[in-house]
Amino acid sequence: MKPVPEAREWRSHGDGMVALVAGAAGGIGAALGEEILERYRLRRLFVVSRGEPPACFATQRVVALRADLLAPGATVELARSVAGFEARLDLVFNCCGLLHDGALKPEKSVAAIDAAAFARLFAVNATLPALLARDLGPLLRRSPDAVFASLSARVGSIADNRAGGWYGYRASKAAHNMLLRTLALEWRHAQP
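Residue 195 is where the sequence shown ends in the numbering used here, and the numbering goes up by one at each step.
Written out as C-alpha cells, the structure reads:
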C-alpha cells in the first residue's frame, strides 16, 4: 500500500480528485471528510452514512449517500450510485468500525465470548472493508493514483497484544489488517 499523497503531489487528474468516505457521520469520518474538502483540489466527495451527514458536507462538491452498508447488496448498490456520478474514484477511505454499542461490550475474559457479537464485529470490521474493496475496485482501477484505505486499530496487532481482552474486536481488526495486506499485494500486481 502507498500513503495518501500530499495535496500538491496528487496527480491523478487535472480536473480534481474524486473521493469517497464511508462512515462519514461518525466523528473520525466527518473529520476526515472535512480535511479532504480543505486539503485537496476536489472534484467530488461522496460521503456515505446510515444517518444524516454532518452539516459541513452541505456543499455542491459533496454527494451524500445514505446506506446501511451491511444490508445485502448495499455495497454493490453504492458502487452503482457512485458510477452514476463519476467514472472513477481516486480515494476510498472506510471509517466504518464497531467496538461496542448498547448491547455489545468488549469481552474481558474468554467466558464472555458470544457468537452473535463476534459475527457482528467481523461483519463491520472485516467483511465490510472487503466488500467495499470488491465493489468499488473497478472505479479505483480507472485512476492511476488510486488509494483504498480503511481505518484499523492498534489492538488488531497480534505482536502488540500485551493486555488481552476485547476478543471479538481484536480478532476482527486482525482480520481487517490481513485483508488490507492481502489486497495491497493483489492490487500491486493488478493496478489496483
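Where a beta carbon is used, it is the ideal one built from N, C-alpha and C, also for glycine. Every value quoted in this text rests on a predicted model; they were computed, and no experiment measured them.
Residue i and residue j closer than 8 Å at C-beta
i    : j    : result
D93  : A149 : yes
L23  : V79  : no
L182 : A129 : yes
P56  : A67  : yes
R145 : A187 : no
A33  : A27  : yes
Alpha-carbon spacing of residue i relative to residue j, whole angstroms
i    : j    : result
G36  : R165 : 33 Å
E41  : K111 : 41 Å
D104 : A120 : 11 Å
A133 : G76  : 13 Å
F49  : V65  : 6 Å
A193 : N180 : 20 Å
Start-to-end residues for the beta strand (DSSP E) that takes in residue i
i    : result
F125 : It is not in any beta strand (DSSP E) - F125 instead sits in the alpha helix (DSSP H) that spans 118-125.
Bridge partners - residue i, DSSP secondary structure assignment
i    : result
M181 : Its beta-bridge partners do not exist; DSSP assigns none.
V85  : BP columns for V85 are empty, so no partner.
R69  : S52
R47  : V21
N97  : A25, S153
Counted within 10 angstroms of its Cβ, other Cβ atoms place residue i as buried (16 or more) or exposed
i    : result
V113 : exposed
R137 : exposed
P147 : exposed
A118 : exposed
F88  : exposed
P195 : For P195, the predicted structure reports a pLDDT of 46, less than 50, and the residue's modelled location is therefore unreliable. A value from the coordinates is still provided. So P195 counts as buried.
Where the alpha helix (DSSP H) containing residue i begins and where it ends
i    : result
L143 : 131-143
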